[in-house]
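Notes follow the structure.
Number of protein chains: 2
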Amino acid sequence: MEILSNLNNYHIILGSQSPRRRELLTGLNIPFEVRHIDVEETYPEFMVGVDIPMYLAEKKANAFADKMHENTLLITADTIVWHEGIALGKPANREEAVKTLQKLSGKTHQVITGVSISTFDRRKTFHVISDVRFANLTPNEIEYYLDNFQPYDKAGAYGVQEWIGFVGVEHINGSYYNVMGLPVQRLYNELKRWK
Amino acid sequence: MEILSNLNNYHIILGSQSPRRRELLTGLNIPFEVRHIDVEETYPEFMVGVDIPMYLAEKKANAFADKMHENTLLITADTIVWHEGIALGKPANREEAVKTLQKLSGKTHQVITGVSISTFDRRKTFHVISDVRFANLTPNEIEYYLDNFQPYDKAGAYGVQEWIGFVGVEHINGSYYNVMGLPVQRLYNELKRWK
């Protein structure tokens with residue numbers, strides 16, 4: 227490839243089930259394969275903020291360790307919504323989704339993605355933070371979103387690329403793609419420097 | 227419709243050829259029709275900043291005036307890239323596209339979209355500004371983008387939703403969708419209030 231030719235000898239693997247991450251990595255125009263890595267997305271209780279998605283990105287990479295070849299370059303990531311000192315994960319049910327969206331309504335939260343790049347003998351983990359300000363959501367708008375979309379695989383119970391992101395997100399300070407689930411610009415920079 | 231039911235009696239028309247605007251308006255989940263409005267995108271020389279896309283959005287609406295029915299709600303828009311006191315429009319050729327991207331490289335510019343909502347007897351025009359910071363683009367990256375993508379229908383010679391946006395846009399302060407060409411959150415708010 228003409229771009230990121232430093233990675234020509236690597237077989238790039240995205241260790242993620244997320245269709246958004248697949249779409250975003252595709253946007254970098256590099257060949258890669260998707261593999262599912264099954265880990266429980268749990269972390270030590272004392273952990274806060276940026277440490278959580280960085281820990282989970284590494285946990286996913288660790289779970290793939292025995293499948294790494296000499297030419298494997300593995301990308302794993304985790305995204306959390308950080309709101310008033312609490313990490314809002316994927317909602318377990320509709321009730322939790324409603325509560326989560328009520329919390330985000332009319333306020334600013336942080337979306338933090340941790341990303342790990344791992345090869346056979348090296349690892350780089352980093353994080354990217356973006357501020358997202360939500361408009362005041364009416365009960366009707368929350369119900370409409372939950373009736374028509376799927377918030378259950380999404381941290382913070384919303385997808386910025388869906389209707390709720392169109393009508394509800396007033397302002398982003400940072401990277402939109404990070405809010406979608408993968409900070410591609412920073413990732414590209416890290417990959418460009420990879421030796 | 228359950229959402230924006232205040233517009234139930236209107237026939238909504240998007241007066242734009244832009245596939246991005248069509249995609250973005252589709253995201254609001256309201257029925258609409260696309261019509262092409264042919265105007266020269268020229269404006270008075272003395273005009274600067276936000277006045278330019280607001281003027282052009284209204285110019286497009288004016289050009290459709292004789293096709294308006296009593297129940298027509300027309301949405302027109304124009305987007306400019308505002309950089310160091312100059313409006314960067316669509317590049318006429320590859321050389322201009324290279325120069326434009328070199329100007330944007332490593333700096334912050336403003337993307338301003340003007341939007342007009344027009345009915346038979348009323349019009350509301352507004353604008354939304356977003357700051358976009360570009361990473362330093364290498365000559366190789368600029369060439370790669372121009373070889374593989376189409377910047378010629380895009381203000382500022384770039385599409386934020388394309389490869390160049392993925393690898394080049396470091397930071398957005400404002401609305402990503404505005405940078406794509408239509409500030410859907412603000413538009414939704416205006417439509418919600420339409421009587």
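If you're matching them up, the sequences are chains B and P in order.
Following the numbering used here, the numbering of the first sequence begins with 227 at its first residue and continues without gaps.
Following the numbering used here, the numbering of the second sequence begins with 227 at its first residue and continues without gaps.
All C-beta atoms, glycine included, are put in the ideal place defined by N, C-alpha and C.
Remember, it's a predicted structure, so these values are computed and weren't measured experimentally.
Amino acids of chain B, ordered along the chain, whose beta-carbon sits closer than 7 Å to that of residue i
i              : result
residue 228(P) : 370
Under 8 Å from the C-beta of residue i: neighbouring residues of chain B
i              : result
residue 361(P) : 411, 415
Among the options, nearest to residue i - alpha-carbon criterion
i              : options                        : result
residue 338(P) : 399(P), 322(P), 286(P), 228(P) : 399(P)
residue 309(B) : 297(B), 335(B), 324(B)         : 335(B)
residue 284(B) : 296(B), 268(B), 297(B)         : 268(B)
residue 272(B) : 365(B), 281(B), 379(B), 342(B) : 281(B)
residue 377(P) : 279(P), 249(P), 316(P)         : 316(P)
residue 261(B) : 235(B), 391(B), 299(B)         : 299(B)
residue 418(B) : 247(P), 366(P), 240(P), 305(P) : 366(P)
residue 248(P) : 410(P), 420(P), 386(P)         : 410(P)
residue 373(B) : 390(B), 345(B), 361(B)         : 390(B)
residue 393(P) : 375(P), 363(P), 313(P)         : 363(P)
residue 242(B) : 407(B), 414(B), 416(B), 297(B) : 407(B)
residue 329(B) : 356(B), 382(B), 413(B)         : 382(B)
residue 402(P) : 255(P), 357(P), 344(P)         : 357(P)
residue 361(B) : 301(B), 255(B), 386(B)         : 386(B)
residue 384(P) : 413(P), 245(P), 307(P), 354(P) : 307(P)
residue 236(P) : 258(P), 286(P), 275(P), 297(P) : 297(P)
residue 414(B) : 322(B), 251(B), 245(B)         : 251(B)
residue 355(B) : 345(B), 341(B), 368(B), 302(B) : 341(B)
residue 257(P) : 404(P), 278(P), 233(P), 370(P) : 233(P)
Outcome for residue i when other beta-carbon atoms lying within 10 angstroms are tallied against a minimum of 16
i              : result
residue 231(P) : exposed
residue 348(B) : exposed
residue 311(B) : exposed
residue 332(P) : exposed
residue 293(P) : exposed
residue 442(P) : Only positions 227 to 421 of chain P appear in this structure, which leaves residue 442(P) out of reach.
residue 318(B) : exposed
residue 295(B) : exposed
residue 421(P) : exposed
residue 380(B) : buried
residue 291(P) : exposed
residue 350(P) : exposed
residue 264(P) : exposed
residue 274(B) : exposed
Partners in chain P for residue i, counting only beta-carbon separations shorter than 9 Å
i              : result
residue 253(B) : 387, 388, 389, 391, 392, 393
* When you check each C-beta in the stretch 387-402 of chain P against every C-beta of chain B, which residues fall closer than 9 Å? -> 387, 388, 389, 391, 392, 393, 394, 395, 396, 397, 398, 399, 400, 401, 402
* Asked: What residues from the stretch 321-349 of chain B come within 8 Å of chain P, judged by C-beta to C-beta, listed N to C?
  -> none
* To do: Identify every run of the alpha helix (DSSP H) within the stretch 267-330 of chain B, keeping only runs that are complete inside it and at least 4 residues long; order them along the chain.
  => 277-289, 320-330
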